[in-house]
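Number of protein chains: 2
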Amino acid sequence: MKKTKKQEIFEAAALLFKEKGYQVASMRDLANRVQLKASSLYSHIGSKEEILRKICFDNATCFIQRMEELLHQDISPKEKVRQLIRFHIQIATQDTTSITVFNDEWRNLSEPHLSRFLGMRNTYEKQFEAIIKEGIAQKQFKTVNSKIALFTILTSIRWIHYWYKPKRSISLSMIEQDILTILGLGLEA
Amino acid sequence: MKKTKKQEIFEAAALLFKEKGYQVASMRDLANRVQLKASSLYSHIGSKEEILRKICFDNATCFIQRMEELLHQDISPKEKVRQLIRFHIQIATQDTTSITVFNDEWRNLSEPHLSRFLGMRNTYEKQFEAIIKEGIAQKQFKTVNSKIALFTILTSIRWIHYWYKPKRSISLSMIEQDILTILGLGLEA
DNA sequence: GTCTATAACTTGATAGAC
DNA sequence: GTCTATCAAGTTATAGAC
Chain A
5 MKKTKKQEIF EAAALLFKEK GYQVASMRDL ANRVQLKASS LYSHIGSKEE ILRKICFDNA
65 TCFIQRMEEL LHQDISPKEK VRQLIRFHIQ IATQDTTSIT VFNDEWRNLS EPHLSRFLGM
125 RNTYEKQFEA IIKEGIAQKQ FKTVNSKIAL FTILTSIRWI HYWYKPKRSI SLSMIEQDIL
185 TILGLGLEA
Chain B
5 MKKTKKQEIF EAAALLFKEK GYQVASMRDL ANRVQLKASS LYSHIGSKEE ILRKICFDNA
65 TCFIQRMEEL LHQDISPKEK VRQLIRFHIQ IATQDTTSIT VFNDEWRNLS EPHLSRFLGM
125 RNTYEKQFEA IIKEGIAQKQ FKTVNSKIAL FTILTSIRWI HYWYKPKRSI SLSMIEQDIL
185 TILGLGLEA
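Residue numbers (my numbering), protein chains in the order written: chain A, 5 to 193; chain B, 5 to 193.
Put into structure tokens, the structure is as follows:
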């Protein structure tokens, strides 16, 4: 299956946005990387922000979808949290480029997209927090502030995409296990 | 003690950089906030980057200094890690503005300052990691990869500056205790 | 679809009057 | 020290030839 020029542009843009940041990356930079002049890009895409939007909303949708699946499963809050942590680690090691843009560059979205994005993120965080609260209520977790627990967990995984390289001697399952040891066991009662 | 215009500019810049990011914040934005025209700023400061440099290196020096003090104290690795976590939380809640810039905007430093900054950060992380390694060797911590533990700890604290507002009903010591519960106890053997 | 040329604008920083 | 005016360079995006 041959890649279309459009796909090629989107992939090059994701990498460029990761390396330089959205604001600093210029359309001329991007055009160079796909062997085009800047003006020719606009035969394939509508605008610079269209690219950012796709990256941000594709990832947001992905996380929300996984959350929906999980909510319908009949497993304990403790197991749900473990699954979510594993999922975050998997995404972060599997697609480091787009997750970097998703994590760091969403703030460059313009309205009304920014508000829609923050709404989706908020929904996800509320659902995650509810699972933690349920775990605390069931005494599967120690009694801590659920928001502190939520943010500590979420951000403690955020360094991986920045640091992880597939060639490293360290395996994915080793990362998973160590983080679950450092985090998970602390939270559990 | 009256604030000099220079101080006023530096403080307004830190807040502006936090809100918009260094690249997006313009000198015209900054001038507006201190009731000046953009060109007048240059009677007080040398360049936009001079402001960023001050914020980044002041903070880096602060963390390195605290580390030096700690290294000379005769306390266990476990206690050293707890003290470091407490210190990070204190800084993050005490000066949320400059810590945001320090955390997120250092990448906009130009050479040779960028390399010097990364060198300082690397020194700090190596010293922190050495303490963790010592704790593992002394069986005060569970056996985990020391780099994973380091990054998990460091980034798990990074959301605070972004989220913390002094008016919140939640106290500093409560944050400290909950994070130490979630993180600290997981790491300890 | 790709190009050249350019519109319309913003950026950091400077010159020189007052 | 602050201003107006301006420079030189950069930005996204479009018009129109081929």
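From the three backbone atoms N, C-alpha and C, an ideal C-beta is built for every residue, glycine too.
Remember, it's a predicted structure, so these values are computed and weren't measured experimentally.
Under 7 Å by beta carbon: chain A residues contacting residue i
i: B:Leu20; result: Within 7 Å Cβ-Cβ: nothing; B:Leu20 doesn't reach chain A, min ~14 Å.
i: B:Lys146; result: Thr185
i: B:Thr160; result: Looking at the sequence shown, residue 160 of chain B is not Thr but Ser. Neighbours of B:Ser160 on chain A, chain order: Thr156, Thr159, Ser160.
8 Å Cβ cutoff, residue i in contact with chain A
i: B:Asp182; result: yes
i: B:Arg120; result: no
Same chain only: Cβ atoms within 7 Å of residue i, ignoring 5 sequence neighbours per side
i: B:Arg57; result: Leu113, His117
i: A:Ser80; result: Gln144
i: B:Lys84; result: Leu74, Ile135
i: B:Leu20; result: Ala29, Asp33, Leu34, Arg37
i: A:Cys60; result: Phe106, Trp110, Leu113, Phe121
i: B:Gly139; result: Pro81, Lys82, Val85, Phe145
i: B:Ala17; result: Leu34, Ile55
i: B:Gln142; result: Pro81
i: B:Ile3; result: Residue 3 of chain B lies beyond the stretch modelled for chain B, which goes from 5 to 193, so this question has no answer here.
i: A:Ile152; result: none
i: B:Lys137; result: Ser150
i: B:Thr100; result: His165, Tyr168
Own chain, CB closer than 6 Å to residue i, minus 5 neighbours either side, in chain order
i: A:Lys10; result: His48
i: B:Glu133; result: Ser150, Leu154
Min CB distance residue i to chain B below 8 Å
i: A:Thr127; result: no
i: A:Asn149; result: yes
i: A:Leu191; result: yes
i: A:Ile174; result: yes
Residue i: contacting residues in chain B (beta-carbon distance under 8 Å)
i: A:Gly25; result: Gln27, Arg111
Opposing strand residues paired with residue i [DSSP bridges]
i: B:Phe145; result: B:Glu192
Chain-ordered chain A contacts of residue i [CB-CB under 8 Å]
i: B:Ala153; result: Asp182, Ile186
Contact set between residue i and chain B, taken where Cβ atoms lie within less than 7 Å
i: A:Ser30; result: Under the 7 Å cutoff, chain B gives no residues; its nearest Cβ is about 12 Å from A:Ser30.
Sequence-distant residues of its chain with Cβ nearer than 8 Å to residue i (five each side left out)
i: A:Thr97; result: Ile164, His165, Tyr168, Pro170, Leu176, Ile179
i: A:Ile93; result: Ile161, Ile164, Leu176, Ile179, Glu180, Ile183
i: A:Ile68; result: Met124, Thr127, Tyr128
i: B:Leu158; result: His92, Glu129, Phe132
i: B:Val148; result: Ile140, Leu191
i: A:His76; result: none
i: B:Ser119; result: none
Partner residues on chain B for residue i, Cβ-Cβ distance less than 9 Å
i: A:Ile179; result: Asn149, Ile152
heavy atom of the ligand ZN below 7 Å from residue i C-beta
i: B:Thr65; result: What this structure holds is no ligand at all, so the ligand ZN is not there to describe.
- [ ] Starting from the N-terminal side, write out each stretch of the beta strand (DSSP E) that is 3 residues or longer and does not extend beyond the stretch 47-97 of chain B.
- [x] none
Task: Start-end ranges of the alpha helix (DSSP H) lying completely within the stretch 16-43 of chain B, minimum 4 residues - done: 31-37
Task: Any alpha helix (DSSP H) of 4 or more consecutive residues that is wholly inside the stretch 117-175 of chain B - done: 117-141, 150-160, 164-167
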